[in-house]
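Start counting at 1 in the sequence shown, then tack on 1137, and there's your number in our numbering.
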Amino acid sequence: MIQAVIFNLESALLDPGGHGLSQGIKDLFRWMGIDVSQQNIRRGLGLTIREHIAGTLRLSEVRASWIDRFGTEPGRVDVDHICAELVPVLRSLLQSSTPCRGLDKALQEIRDRRIQSGATSAFTSDLLGSLPRRSLEDHVLDCTVTPCEVSSGRPFPWMVYENAHRMQVYPLSDMVKVGDTVADMQEGRNAGVWTLGVLDGFMNRMEGGGPGEAAYEDQRKEAVYLLKRAGAHLVMDSLADLPRMLREIEMLQHTGGRP
């Protein structure tokens, strides 16, 4: 039986689709004179903020632009500086946060079934302290773990383990990790828990897709493939599908299935 569901806090509650964070990083780089594509910025979604910035700077075209602009390789000090400049942007993002589609239905199912709810985050505890309490009143989680509370964030499993420890959930095969990034899928599989991919946010970040039902279906198939390749056991359209997915996982458990 499922004992706990662990969400990606940003995708579920703070910044569905990662659009606010992506735009904030893009605007900050542009202010510094570096043009970074949305595609390159989105590659790091799900990772800790620091690793997201560092990974973006390691991309060949971004690195080349940085060297052309500043005459030196981007280094640790530059990552520190960008992260510091990003803090006000993130605080503003948290102030205007809205939950993703289907979260209310998912949490109601969890409460009705007395399943615990937790979350892992890419944001620090200090930043999450900026979130107005009114934003959380209807979306209370039993446990939230940030990267600064463990040795490393996603894709490492430590935040999931800490959720399990605090909520006293065992075995880990009774936990479900839900997210819409590659890092989420890797985090869940590395932790040895059931891992669910959410198409909503993932597809919103994909390039192309053009008008028409055929184009949408092609994009949807590609998104399902990419999430499963990253580690998803199952994929759902939105969090509104979570009740059905939990029943499907429990059916797999009853027939001997394990994550």
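C-beta: ideal position from N, C-alpha, C; glycine also.
- Per DSSP, the unbroken beta strand (DSSP E) holding Ser1254 starts and ends at Gln1253 to Thr1257.
- Of Val1199, Ala1320 and Gly1157, the smallest CA-CA separation from Phe1144 is found for Ala1320.
- Annotation: Leu1309 is outside any alpha helix (DSSP H) and is labelled neither H nor E by DSSP.
- CA-CA distance, Val1214 to Thr1185, rounds to 17 Å.
- Comparing alpha-carbon positions, the option among Asp1279, Ser1234 and Pro1211 lying closest to Leu1158 turns out to be Ser1234.
- Distances from the alpha-carbon of Leu1364 to those of Asp1355, Ser1375, Gln1390 and Gly1334 put Gly1334 closest.
- Around the beta carbon of Lys1358, fewer than 16 other beta carbons lie within 10 angstroms, which makes this residue exposed.
- Between the stretch 1235-1250 and the stretch 1181-1195 there are fewer than three inter-stretch CB-CB distances shorter than 8 Å, so the stretches are not counted as touching.
- Under the three-state reduction of DSSP, Val1216 is assigned to helix.
- If you check the CB distance, Gln1323 and Arg1291 come in under 8 Å.
- Distance between Ala1377 and Arg1250, taken at the CA atoms: about 15 Å.
- For Tyr1362 and Leu1265, the gap between their C-alpha atoms comes out near 33 Å.
- Met1304 and Cys1285 do not touch by the CB rule: their CB atoms are close to 19 Å apart, not below 8 Å.
- Under the DSSP assignment, Leu1265 falls in the alpha helix (DSSP H) whose first and last residues are Ser1262 to Leu1265.
- Bridge pairing for Trp1331: Val1313 [DSSP].
- Its Cα nearest to that of Thr1318, the residue Val1372 stands out among Ser1310, Asp1311, Val1282 and Val1372.
- The C-beta distance from Val1306 to Trp1331 rounds to 12 Å, too long to fall under 8 Å, and the pair is not in contact.
- When beta bridges are read from the DSSP output, Asn1145 appears opposite Thr1257.
- No Cβ-Cβ contact shorter than 8 Å links Leu1150 with Glu1222.
- Annotation: the continuous beta strand (DSSP E) that includes Val1372 extends over Leu1371 to Met1373.
- Between Val1226 and Leu1194, the C-beta spacing is not below 8 Å.
- Around the beta carbon of Ile1204, a 10 Å sphere encloses fewer than 16 other beta carbons of the protein chains shown; the residue is thus reported as exposed.
- Ranked by Cα distance from Ala1243, the options Leu1379, Pro1211 and Gly1338 are led by Leu1379.
- The beta carbon of Gly1329 lies closer than 8 Å to those of Pro1294, Leu1309, Ser1310 and Pro1396 in the same chain, with the five residues before and after it left out.
- Check the Cα spacing between Gln1175 and each of Arg1187, Gly1161, Thr1261 and Glu1188: the tightest is with Gly1161.
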